[in-house]
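Using this note's numbering, the letters of the sequence shown correspond one by one to residues 1 to 428. Glycine included, each C-beta is placed from N, C-alpha and C at the ideal position. Note sheet for the following structure.
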Amino acid sequence: MTNQKKLKNQFLADVKTATAALRDLFEATPLQRNAHLSQRYDSNIYLKREDLTPVRSYKLRGAFNFFRKAIEAQKKSGKTGETLFVCASAGNHAQGFAYACQHFGVKGIVYMPVTTPQQKIDKTRVFGKELVEIRLVGDIFDDCNKEAIAFSQKSGAKLVPPFDHPDIIEGQASVGQEILDQIPSSIDILIVPVGGGGLSAGLCEVMEECSPHTQIIFVEPEGAPSFKRSLEQGKRVILNQVNTFVDGAAVAMIGEDNFERLKNRDPKSVMLVNENALCQTIIEMLNVEGIVLEPAGALAVHVLRMLPEDQLADRTVVCVTSGGNFDFERLPDVKERALKSAGLKKFFILQMPQRPGALKDFLNLLGPEDDIARFEYMKKSARNFGSVLIGVETKNPDNFAQLFAKMEEAGFRFDDITDNETFTDFIL
């Protein structure tokens, strides 16, 4: 037996141990066949419901495994005294960290970006109680991660990485072990979201050994494609800019250990999801299935919309819904993005003639399914035209072509600004 094979066998044994240890915290998360999605895609679609862990994400697995092994190592070494733990997180790892602190009765400090949704901050406080201190630093994960590392080096606190550590990867790999234990048939396709790479690295190692025929599709948000760009260049790449909307998967650079385990993957196996389009899936799963998914948690489900029909037909597909920590204060923004992506809502600047009856003339151009959702107009007496910001919702995207044709025929000048992110983010 080669050394590499021995290492893989040891990894699988360690994953089984980690999976068994997790039963002290919670039962295996459900692997549910989703009838709605299965019927739509003429396949067997299963959801691995990581949004149903005690902290509503898979991150508890890696954090718990890290704490478990660190505390066991301390006991074996004979060291005494209280160990302070520290981590950086965009929210989900923080909650798993805090939950683990309470379970093991140890103190911890959490560094979180200032932009973290309030719901995740509040839940971290609930899980950590008096044992965990929260420090808000920076705008993105990578900012607060630097602070956490610096604090660890200065104070001697034990750093618990969110994804870039063998014990974290081992803990996240328990998702794959549970899937294999639960699935009633072989898995044709596994769809997994990628942020820092802990979950994907662990799942790949398990599947390569136990289900080698399974096709693995990775998914990242368009605004944070660190894994895909790294695969394309053959080395880890730091993104200059990161869109933080999918906060659970928005990192500037995939983890070092994680990429080492994944570096031989085909860049084409990584699919990128538009942040606005993703909102359609979040809304659908909430309205149709009653399943609350955060943006990162919806990534794997959304990919089903992007795959060819013949790739899914009669296949068994597992989508990992990685988290459900959704702040409902974000719902209006998510709905807005979903409507825009579906072509059901547009914003435009209309040059309104400053004459009596001009507004009535415009309103008469609207169709029976068109509804004005935004209207801002300032009459300026020194000009022949006034600028009007208009938002229109409709029930069929084809209605906009008809409306715009009528507006041009009537002589109304306008600019469609729906896809101008800078403009719409400023005025909406």
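DSSP on residue i, reduced to helix/strand/coil?
i	result
Pro166	helix
Val110	strand
Ser43	coil
Lys452	Lying outside 1 to 428, the shown extent of the chain, residue 452 is not represented and no answer is given.
Phe85	strand
Val175	helix
Ser155	helix
Arg125	helix
Ile149	helix
Phe385	strand
Val132	strand
Leu31	strand
Leu190	strand
Phe348	strand
Val15	helix
Do you know how far the Cα of residue j is from the Cα of residue i?
i	j	result
Phe231	Lys268	Note on identity: in this sequence residue 231 is Leu, with Phe being the wrong assignment. Using only the alpha carbons, I get a separation of about 9 Å.
Lys120	Lys340	27 Å
Gln153	Pro161	13 Å
Thr244	Asn384	42 Å
Ala430	Glu178	The question about residue 430 has no answer here: the residues shown for the chain are numbered 1 through 428.
Glu205	Pro193	15 Å
Ile282	Ala21	32 Å
Val126	Ala94	11 Å
Met253	Ile238	5 Å
Gln74	Val86	16 Å
Ala358	Ala35	51 Å
Ala88	Leu60	14 Å
Arg330	Arg337	11 Å
Leu389	Phe328	27 Å
Leu293	Ser155	37 Å
Arg265	Glu220	14 Å
Lys79	Gly290	49 Å
Leu272	Ile216	14 Å
Tyr46	Ser387	50 Å
Gly324	Tyr58	10 Å
Val320	Ile191	6 Å
Glu260	Gly202	12 Å
Ala173	Glu208	12 Å
Leu12	Phe218	21 Å
Arg229	Ala250	14 Å
Ala90	Met112	6 Å
Val55	Lys123	8 Å
Phe26	Thr53	7 Å
Asp371	Phe362	13 Å
Glu408	Lys360	16 Å
Arg135	Thr214	41 Å
With distance defined between alpha-carbon atoms, name the residue in the options nearest to residue i.
i	options	result
Ala369	Phe347, Asn396, Ser387 and Leu350	The residue asked about is misnamed: residue 369 is Glu in this sequence, not Ala. Nearest of Phe347, Asn396, Ser387 and Leu350 to Glu369, Cα basis: Asn396.
Thr115	Gly197, Glu130 and Asp247	Asp247
Val270	Ser200, Gln32, Gly105 and Pro54	Ser200
Pro184	Thr316, Asp42, Asn287 and Phe362	Thr316
Leu131	Met207, Ala98, Asp142 and Arg265	Ala98
Arg40	Pro356, Pro308, Leu331 and Leu363	Pro308
Ile140	Ala18, Gly195 and Ser186	Gly195
Glu82	Arg56, Gly255, Cys101 and His93	Cys101
Ala277	Asp419, Gln241 and Asn240	Asp419
Gln118	Asn92, Glu421, Phe218 and Thr394	Asn92
Phe375	Phe348, Ser77, Thr53 and Leu136	Phe348
Gly343	Lys8, Gly138, Cys279 and Arg261	Cys279
Asn399	Leu366, Ser174 and Leu272	Leu366
Val242	Cys210, Glu275 and Met352	Glu275
His103	Phe67, Val15 and Asp122	Phe67
Met352	Leu312, Val318 and Ala410	Ala410
Gly62	Asp14, Asn9 and Met285	Asp14
Phe151	Met306, Gln311 and Leu84	Leu84
Lys48	Glu284, Thr17, Lys146 and Asp181	Asp181
Just to confirm, does residue i get its C-beta within under 7 Å of one of the non-hydrogen atoms of the ligand GTP?
i	result
Pro54	The ligand GTP is absent from the structure shown, which contains no ligands of any kind.
Assuming the contact rule is C-beta atoms closer than 8 Å, residue i and residue j should be a hit. Round their C-beta distance to whole Å, please.
i	j	result
Gly257	Pro166	Inspection of the sequence shows that residue 257 is occupied by Asp rather than by Gly. Indeed they touch by this definition, with Cβ atoms about 6 Å apart.
Leu350	Phe404	Incorrect: roughly 11 Å between the Cβ atoms, too far for contact.
Glu50	Ser322	5 Å
Gly171	Asn65	3 Å
Val288	Lys345	20 Å between Cβ atoms; not a contact.
Leu299	Leu37	Not really, about 14 Å apart at Cβ, beyond 8 Å.
Gly128	Gly108	7 Å
Leu262	Gly198	11 Å between Cβ atoms; not a contact.
field: Length-filtered (4 minimum) alpha helix (DSSP H) runs lying within the region 396–425
entry: 398–409
Segments of 4+ residues assigned as alpha helix (DSSP H) that fall wholly inside the region 199–260: 226–233
- prompt: Residue ranges of each alpha helix (DSSP H) run of no fewer than 4 residues wholly in the region 254–339, ordered along the chain?
  reply: 256–262, 275–289, 295–306 and 309–312
task: List in chain order: all unbroken alpha helix (DSSP H) runs of 4+ residues lying wholly within the region 51–102.
output: 59–77
- prompt: Which residue spans inside the region 351–376 form an unbroken alpha helix (DSSP H) run of at least 4?
  reply: 358–363
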